[in-house]
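J.: If you read the sequences in order, they're chains A and B. When the letters of the first sequence are read in order and numbered with this note's numbering, they come out as residues 2 to 495. When the letters of the second sequence are read in order and numbered with this note's numbering, they come out as residues 319 to 668. Glycine included, each C-beta is placed from N, C-alpha and C at the ideal position. Questions regarding the structure given below will be posed in turn.
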Amino acid sequence: MLAVEMKGISKHFGLVQANQDVHFCLESGEIHALLGENGAGKTTLMRILYGLYRADEGEIFINGNKMEIHSPKDAIAAGVGMVTQHFTLVPTLTVAENIVLGYTNSLTLSQKLIEQKVQAASERFGVSVNSSALVKHLSLGERQRVEILKALYRNAKILIMDEPTAVLVPQEVDILFESLLRLVKNGLSVIFISHKLNEVMTVCDRVTVLRDGKTVGTVNKNETSREKLAKMMVGRETFLDTQRSSRKTGESVYEVKDLTASGQQVVKALDNISFTINANEILGIAGVSGNGQSELTKVLTGILKPTHGSIKLEGQEISRLSPGDLTEAGLGRTPEDRHEGTIGDLTVAENLALEDLNNYTKNNILDQKKIHEDALKKIDEFQIKASPNDRLRTLSGGNMQKVVFARALSRRPKVVIASQPTRGLDVGATEYVRKRLLEERDRGAAVILISEDLDEIMALSDRIAVLYEGCIKGIVPTSEATAEKIGLLMAGVC
Amino acid sequence: MFKFRIERAPAPMWTKPLIPIVAILVTFLITSILIILAKANPLQAYYHFLITPLSSTFSALEVLVKATPLILTGIAVTFAFTSGYFNIGAEGQLAAGAIAATWVGITFGNLSPIIAIPLMIIGGFVAGMAWALIPAILKVKLKVDEVVTTLLMNSIIVYFISWLLNGPWRDPISNWPQSPDIGSSAIFFRLIPKSRLHIGFIIALIVVVIVYFLIKKTPLGLRMRASGASKTGAEFAGINVSKTIFIAALVSGGIAGLAGVSEVAGIHYHLIDSISNELGYTGIIVATLGGLHPIGVAISALFIGLIDTGSQTVSRMLGVPVYLGNVVQSALLLVTLGMLLFQNYRIKRL
Numbered sequence: 002m003l004a005v006e007m008k009g010i011s012k013h014f015g016l017v018q019a020n021q022d023v024h025f026c027l028e029s030g031e032i033h034a035l036l037g038e039n040g041a042g043k044t045t046l047m048r049i050l051y052g053l054y055r056a057d058e059g060e061i062f063i064n065g066n067k068m069e070i071h072s073p074k075d076a077i078a079a080g081v082g083m084v085t086q087h088f089t090l091v092p093t094l095t096v097a098e099n100i101v102l103g104y105t106n107s108l109t110l111s112q113k114l115i116e117q118k119v120q121a122a123s124e125r126f127g128v129s130v131n132s133s134a135l136v137k138h139l140s141l142g143e144r145q146r147v148e149i150l151k152a153l154y155r156n157a158k159i160l161i162m163d164e165p166t167a168v169l170v171p172q173e174v175d176i177l178f179e180s181l182l183r184l185v186k187n188g189l190s191v192i193f194i195s196h197k198l199n200e201v202m203t204v205c206d207r208v209t210v211l212r213d214g215k216t217v218g219t220v221n222k223n224e225t226s227r228e229k230l231a232k233m234m235v236g237r238e239t240f241l242d243t244q245r246s247s248r249k250t251g252e253s254v255y256e257v258k259d260l261t262a263s264g265q266q267v268v269k270a271l272d273n274i275s276f277t278i279n280a281n282e283i284l285g286i287a288g289v290s291g292n293g294q295s296e297l298t299k300v301l302t303g304i305l306k307p308t309h310g311s312i313k314l315e316g317q318e319i320s321r322l323s324p325g326d327l328t329e330a331g332l333g334r335t336p337e338d339r340h341e342g343t344i345g346d347l348t349v350a351e352n353l354a355l356e357d358l359n360n361y362t363k364n365n366i367l368d369q370k371k372i373h374e375d376a377l378k379k380i381d382e383f384q385i386k387a388s389p390n391d392r393l394r395t396l397s398g399g400n401m402q403k404v405v406f407a408r409a410l411s412r413r414p415k416v417v418i419a420s421q422p423t424r425g426l427d428v429g430a431t432e433y434v435r436k437r438l439l440e441e442r443d444r445g446a447a448v449i450l451i452s453e454d455l456d457e458i459m460a461l462s463d464r465i466a467v468l469y470e471g472c473i474k475g476i477v478p479t480s481e482a483t484a485e486k487i488g489l490l491m492a493g494v495c
Numbered sequence: 319m320f321k322f323r324i325e326r327a328p329a330p331m332w333t334k335p336l337i338p339i340v341a342i343l344v345t346f347l348i349t350s351i352l353i354i355l356a357k358a359n360p361l362q363a364y365y366h367f368l369i370t371p372l373s374s375t376f377s378a379l380e381v382l383v384k385a386t387p388l389i390l391t392g393i394a395v396t397f398a399f400t401s402g403y404f405n406i407g408a409e410g411q412l413a414a415g416a417i418a419a420t421w422v423g424i425t426f427g428n429l430s431p432i433i434a435i436p437l438m439i440i441g442g443f444v445a446g447m448a449w450a451l452i453p454a455i456l457k458v459k460l461k462v463d464e465v466v467t468t469l470l471m472n473s474i475i476v477y478f479i480s481w482l483l484n485g486p487w488r489d490p491i492s493n494w495p496q497s498p499d500i501g502s503s504a505i506f507f508r509l510i511p512k513s514r515l516h517i518g519f520i521i522a523l524i525v526v527v528i529v530y531f532l533i534k535k536t537p538l539g540l541r542m543r544a545s546g547a548s549k550t551g552a553e554f555a556g557i558n559v560s561k562t563i564f565i566a567a568l569v570s571g572g573i574a575g576l577a578g579v580s581e582v583a584g585i586h587y588h589l590i591d592s593i594s595n596e597l598g599y600t601g602i603i604v605a606t607l608g609g610l611h612p613i614g615v616a617i618s619a620l621f622i623g624l625i626d627t628g629s630q631t632v633s634r635m636l637g638v639p640v641y642l643g644n645v646v647q648s649a650l651l652l653v654t655l656g657m658l659l660f661q662n663y664r665i666k667r668l
């Protein structure tokens, strides 16, 4: 019997088609992986099932009955539970309180009684938690178990898990898989959103692959292989076209050695990373999001100090310099999130001048005339559709990105750091930004392109490094890169 | 039928100047209830609040007298807030400036005014900076929330003044806990005979112009505005945000200190317990109402000065409590803050 059937689901956000005619079936008592790159539409599809979004088109059947799911409340009533990537627990409450929160109608609340109930449920389902512990004292793995128990406690028969291993250490992953297998034996059906091939092959029965919001296909685990899945996940015909003979590059300019840094949640967000870049070269850094790209961008742009390792620009150690000093040293830095790297309340001209204020100061007074004139020049050169006195926040994403580029590139830096440069941009702006990066390379700059868009990496890079869980999994010349090879590296297989 | 939706987006620019006007109207509507409860006619009350003080030269000048320290504390708060440092301590920094001014005024008050007055101004500025120093260091070095620390510093100095006035500085002649008078050369001279308006008002206006220039025309000002608008963005652009905030915090304290100098040298001529009398806190209202723009702050200080003067007139004429003025001010702040929240939304017709 089918626990869930989703037929012809479509959903768009603005101009982006997140899901297009997606079909998905979950059999009772199976663990079904939903596999795909970032932005493939996995989470959107599951949010529709859980009632967080409404589909534009399509039908949902649960246990054979057609359902209208308007909110998570409807989904819970139909026996669907979801464990999101970012937990929704209240840290200052106990485990038991978190589990009954919003699921109890009685006027009074006996701490003891709910703790007993939750402990009993924990034993019945075989999901071990300490019901009287405060959530803030729990590890991420324990918190996840609380989330699972919360869903089961609400009588979930179908459990959606969104990238459940993203925040776990390997030992916790093993424990999670054990409990999932046990729960499935007792009649639970699980949808497992992931982009990690190893996990999918370990724990799942069937796999549905999504790409660009469409269903690529559903396969049984036994009838497929990691290589085949990798190709389904990232394989695009365009790959073959972009392969080209290796270009001649210049001398080594920028050298990163044994770089280690800690992130917000993980101790080692970057773990002993080393690479070098030559003049006249673009090094693409590929990877699924959340594998250390943000931290790498922050370290390279001087926002985050590494705990270990060195970065050398033409032999000079620069890893401990401030952002301002890095600009002085000859780095063209662009932020991962253009909103965070710029100041929306200041004008375009002020944002353009901000990195180089000494150059715009005469006798300790701002040289407004020069700021204005230079802004006009850059607006012209970088085709920014705005006037110097517009507040930056009024600009479109593409124009804002051009302001970021204009600021970073106008001083003809030796090294250009571009991180997710075309994220959220329309086709025209994307085209412009990519062309600009190629021009920088041709001018002689060493360009680091950190991107989750594999097409972009393949189209622009001379060499490709793949980031997986904070480590560089391998560096391949683009001429030797195939969809399969990069896909496997991105999924952490090799 | 028309359907509307409220969405998060910045309101159009033309609504900005409307904020104070609408805020005042809404405030008057709300406070009318209290005036009616106090058994007075709201329209009459507002007439006395807003018009009567301006109808005689003496009371009109008194509005300027009341506005003088408010301009300074308002500008002090504005300076700090612009850089993203929420200095709630103008109250205490003003007191520190007043203590320094009193000391300078007593010690050097018999020299020429050309020496005594500049010395007082410098002393008051430095003392205000000094009182702002500890919270600023804690903020920059340890990320301690400045709202808490600057606020607590206010209480400390209240007790310090109390100790001074009941101990070492107690005026032997007076029955009140107050210091001896400052020397005659240290007194701010009057601008207009028979009024209390003194050169402190001119000093305040000069500070407005200087701060306007600093914020809008200098690299420091741009760094401050950048740090205040987006800390991450400023940091990314290579600005030393900590240093910028530190400077802004100290200068803000210094300006608040000047308000203390002005109160001692222009009004009281000695130190008293209630020297700041909430002028520092009112400065926050003034700065917010003025939209953190120096010129706007000066205007809103004059407006609050008018309500201050007016509340005494209302009380005298209609027999309502003088505290009604405070209620109006506070209500005005709350309404303005509420209006600023609305600034983030747009109503869209579907």
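Please state the DSSP three-state secondary structure of residue 367 of chain A.
T.: Three-state DSSP puts residue 367 of chain A in a strand.
J.: Can you tell me the Cα-Cα spacing of residue 444 of chain B and residue 450 of chain B, whole angstroms?
T.: Each residue's Cα considered, the two are about 10 Å apart.
J.: Report yes or no: is there a C-beta of chain B within less than 8 Å of the C-beta of residue 240 of chain A?
T.: Reliability fails at residue 240 of chain A, whose pLDDT of 39 lies under 50, so the model's placement of it is uncertain and the value that follows must be treated cautiously. It does not; no Cβ of chain B falls within 8 Å.
J.: What's the call for residue 91 of chain A, buried or exposed, on a 16-neighbour Cβ count within 10 Å?
T.: The residue is exposed, with fewer than 16 neighbouring Cβ atoms inside 10 Å.
J.: Between residue 342 of chain A and residue 554 of chain B, which are expected to be in contact by the criterion C-beta below 8 Å, what is the C-beta distance as a whole number of angstroms?
T.: Right, their Cβ atoms sit about 4 Å apart.
J.: To the nearest angstrom, how far is it from the Cα of residue 504 of chain B to the Cα of residue 593 of chain B?
T.: If I take the Cα positions, the gap works out to 18 Å.
J.: Using alpha carbons as the reference points, say which of A/407, A/362, A/393 lies closest to residue 384 of chain A.
T.: The residue with the shortest Cα to Cα distance from residue 384 of chain A is A/407.
J.: Please name the residue in B/460, B/338, B/462, B/350 whose C-alpha comes closest to that of residue 646 of chain B.
T.: The candidate whose alpha carbon is nearest that of residue 646 of chain B is B/350.
J.: Mapping the DSSP letters down to three states, classify residue 607 of chain B as helix, strand or coil.
T.: Reduced to three states, the DSSP call for residue 607 of chain B is helix.
J.: Does residue 606 of chain B have its Cβ less than 8 Å from a Cβ in chain A?
T.: No, residue 606 of chain B does not count as interfacial toward chain A.
J.: Excluding five sequence neighbours on each side, which residues of the same chain lie with their C-beta closer than 6 Å to the C-beta of residue 634 of chain B?
T.: None.
J.: How would you list, in chain order, the residues of chain A whose beta-carbon sits under 9 Å from the beta-carbon of residue 537 of chain B?
T.: Near residue 537 of chain B (Cβ distances below 9 Å), the residues of chain A are 358, 359, 361, 362, 365, 366, 367.
J.: So residue 421 of chain A and residue 214 of chain A are in contact, right, with Cβ under 8 Å, and what is the actual spacing, rounded?
T.: With 8 Å as the limit, residue 421 of chain A and residue 214 of chain A do not qualify as a contact, their Cβ atoms being about 19 Å apart.
J.: Where do the N-terminal and C-terminal ends of the alpha helix (DSSP H) with residue 477 of chain B fall, by residue?
T.: Here the alpha helix (DSSP H) through residue 477 of chain B covers 464-484.
J.: With 16 other CB atoms within 10 Å as the buried threshold, where does residue 622 of chain B fall?
T.: Buried, by the Cβ-count rule.
J.: Let me know the secondary structure DSSP gives residue 516 of chain B once reduced to three states.
T.: It is a strand residue.
J.: Going along the chain, which residues of the region 542-566 of chain B sit with their C-beta nearer than 8 Å to a C-beta in chain A?
T.: Correct list: 543, 544, 547, 548, 550, 551, 552, 553, 554, 555, 556, 557, 558.
J.: Our contact map puts residue 602 of chain B next to residue 452 of chain B with C-beta atoms below 8 Å; I'd like the distance itself, whole angstroms only.
T.: That belief does not hold up - the Cβ atoms of residue 602 of chain B and residue 452 of chain B are roughly 20 Å apart, past 8 Å.
J.: Taking only runs of the beta strand (DSSP E) that begin and end inside the region 115-186 of chain A, which ones reach a length of at least 3 residues, in chain order?
T.: 159-163, all fully within the region 115-186 of chain A.
J.: Can you check DSSP and say which residues form a bridge with residue 506 of chain B?
T.: Bridge partners of residue 506 of chain B: none, in fact.
J.: Assuming residue 363 of chain B and residue 653 of chain B make a contact with CB atoms under 8 Å, what is their CB distance in whole Å?
T.: No, residue 363 of chain B and residue 653 of chain B are not in contact; Cβ-Cβ is about 18 Å, not under 8 Å.
J.: From the beta carbon of residue 532 of chain B, is the nearest beta carbon of chain A less than 8 Å away?
T.: It does not: the Cβ of residue 532 of chain B has no partner Cβ on chain A nearer than 8 Å.
J.: Excluding five sequence neighbours on each side, which residues of the same chain lie with their C-beta closer than 7 Å to the C-beta of residue 564 of chain B?
T.: The answer, listed in chain order, is 454, 458.
J.: When burial is assigned at 16 or more other CB atoms within 10 Å of the CB, is residue 571 of chain B buried or exposed?
T.: So residue 571 of chain B counts as buried.
J.: To the nearest angstrom, report how far apart residue 394 of chain A and residue 512 of chain B are at their CA atoms.
T.: Taking the straight line from one Cα to the other gives about 53 Å.
J.: Using a Cβ cut-off of 7 Å, which residues of the region 615-627 of chain B contact any Cβ in chain A, in chain order?
T.: Those would be none; no residue qualifies.
J.: Three-state secondary structure (DSSP) at residue 60 of chain A?
T.: Looking at residue 60 of chain A - three-state DSSP - the assignment turns out to be strand.
J.: My understanding is that residue 34 of chain A touches residue 195 of chain A, with C-beta atoms under 8 Å, so please give their C-beta distance in whole angstroms.
T.: About 6 Å; that satisfies the 8 Å criterion.
J.: Ignoring anything shorter than 3 residues or poking outside the region 55-108 of chain A, list the beta strand (DSSP E) runs there in chain order.
T.: The qualifying runs are 58-63, 66-68, 81-84.
J.: Ignore the nearest five residues each way along the sequence and tell me which others in residue 43 of chain A's own chain have a CB closer than 6 Å to its CB.
T.: Closer than 6 Å at the Cβ level, and outside the excluded window around residue 43 of chain A, lie 35, 37, 194, 211.
J.: State buried or exposed for residue 245 of chain A, treating a residue as buried only when at least 16 other CB atoms are found within 10 Å of its CB.
T.: Unreliable placement is indicated for residue 245 of chain A, whose pLDDT of 48 sits below 50; no coordinate value is reported for it.
J.: In this structure, does DSSP put residue 358 of chain A in helix, strand or coil?
T.: Three-state DSSP puts residue 358 of chain A in a helix.
J.: Checking contacts by CB at 8 Å: is residue 540 of chain B closer than that to chain A?
T.: Closer than 8 Å: yes.
J.: Just to confirm my understanding: we take residue 75 of chain A, look at its own chain, exclude 5 residues before and 5 after, and list those with CB closer than 8 Å. What are they?
T.: Here the set comprises 52, 68, 69.
J.: Is residue 283 of chain A near residue 473 of chain A, with beta carbons less than 8 Å apart?
T.: Contact flag unset, no.
J.: Considering residue 20 of chain A, what are the terminal residues of the beta strand (DSSP E) in which it resides?
T.: Where residue 20 of chain A is concerned, the enclosing beta strand (DSSP E) stretches over 17-28.
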